[in-house]
Amino acid sequence: MGVLEGKKGLILGIANNKSIAWGVTKSCHREGAELGFNYLGDALEKRVRPLAESVNATLVEPLDVSDDAQLDAFFAAVEAKWGQLDFMVHSIAYADKNALKQPFSQTSRQAFQQALDISAYSFVACAQRAARIMSPGGAMLTMTYLGAVRSVPNYNVMGVAKAALEASTRYLAYDLGEHGIRVNALSAGPIRTLAASGIGDFRTLMTKAARGSFLKRNVTQDEVGNAACYLVSDWASGVTGEVHYVDTGFNVGVGDPGES
Ligand code: NAD
Ligand code: 0WE
C-alpha cells in the first residue's frame, strides 16, 4: 500500500512533462494519492489535461495565482468536488525576463512587485484557502532555490522572492501548526525545465552545480518528486517550517575543489 493511499492532494504548477510539479505528480500517483491540478491559461490547458488524465486526476481547473477571483473560484471548486484536502504542492514562480538579465540593482518596482506576488505571496494566498478545507495531518509544500540565501549570478529578483517565500513558509508553519497542518519548502538543485529554458548560460550553471556537489552530478526531476512526496506524507509528520535541500549536496560544500 502506498504512503499517500486515501489522500487527496493538489499539485499546482504543471506546464509540461519537464516541470518539477510533474516529477512530484509521478511520485504521489505511484504512492496512491488522488490528485488535482491547475493550469495557467488556454495554451497550458492543452498540455496539462492529457498529463492529468494519465494519472486519473479528479480535478483540473484554471488558476492564475495573481488573481484573487480565480483563487476563490479554484478553491471553491476543490471544496465542491472533494470536500476536504490532505496536501497541496505549490510549484510556481515568475519574474520578468529582463529582471533575470539586467544587474539586480536596476530592478524596477513593477518587476520586483510581480516577482514577489507570483513567486512568494501566491503561496500565502493558496495556503490560507487550502487550510480552510484541511484537517489536522494536512501538509503544504513549496519549491525554492539556493538563490534565496546566496547571491547566484542572474537569479536577481527571484532570489529576493525566494527569500520571502522561505520566510513565508516559516510563518505559515507557525500559524497553521496549532491546526496540525505542516508547511515546508524543498530547495532543489538546477533542473532543465521550461522556467530554466529562458535563462542564458543555464548549461554552465548545471555543470558547475554538478562539479560542486558531493554526488558529482545534477539532481533529477524524479529525486525531487520523491522527496516532495515524503514531505507531504505522514512519514514527515514531525517535520514543519523546514527548508529541505535536494541538491546532491551542493549547498553544504564550498564549490568545485578542482576549480582554481
Ligand atoms: P515550470 O516552468 O515547469 O513551472 C513553473 C510553473 O509556474 C508553470 O507551470 C507556470 O505555468 C506557473 N506559473 C507562472 N506564473 C503563474 C501564475 N501567475 N499563475 C499560475 N501559475 C503560474 O518550471 P519549474 O522549474 O518546474 O518550476 C517550478 C518551481 O520550482 C518554481 O517555484 C521554481 O522556482 C522552482 N525551482 C526550479 C528549479 C529549476 O532549476 N528548474 C530549481 C529550484 C526550484
Ligand atoms: O526559479 C527558477 C526559475 C524561475 C523563473 C524563470 C523564468 C525564465 C523565463 C522565473 N521567471 C522566469 N521568467 C521568464 O521569463 N529556477 C530556480 C531556475 C533558475 O533560474 C535561474 C537560475 C536557476 C537555477 C536564473 C538565473 C540563474 C540561475
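Each step along the sequence shown adds one to the number in our numbering, with nothing skipped, and position 186 is 811.
Idealized CB from N, CA, C, for every residue including glycine.
Computed from a predicted model, the values in this text were never measured in an experiment.
Here His869 carries a strand assignment [DSSP, helix/strand/coil]. The three-state secondary structure of Asp711, taken from DSSP, is strand.
Judged by the Cβ position, Pro815 qualifies as a neighbour of the ligand NAD at the 6 Å threshold, a heavy atom of the ligand being closer than this. If you ignore the 5 residues before and after Phe700, its C-beta comes within less than 6 Å of the C-beta of Arg754, all in its own chain and listed in chain order. The beta carbon of Asn843 lies closer than 8 Å to those of Gly814, Pro815, Ile816, Met831, Ala834, Ala835, Thr873 in the same chain, with the five residues before and after it left out. Considering only Thr794, Ala773, Tyr796, Leu801, the residue with the shortest C-alpha distance to Ala788 is Ala773. Short of 8 Å from the beta carbon of Lys722, and not among the five residues preceding or following it, lie these beta carbons of its own chain, in chain order: Gly823. Within the DSSP secondary-structure output, Arg807 pairs in a beta bridge with Ala764. Proximity to Ala750 across Asp693, Leu669, Phe729, Val782 peaks at Asp693, based on C-alpha coordinates. The Cβ neighbour count for Trp647, taken over all protein chains shown within 10 Å, is at least 16; the residue is labelled buried.
Nearest C-alpha to Gln846 among Ser838, Ser652, Gly802, Leu665: Ser652. Taking the Cα positions, Met768 is about 30 Å away from Gly883. Here the alpha carbons of Gly657 and Gly631 stand approximately 7 Å from one another.
By the neighbour-count criterion, in which a residue is buried when 16 or more other Cβ atoms sit within 10 angstroms of its Cβ, Phe748 is buried.
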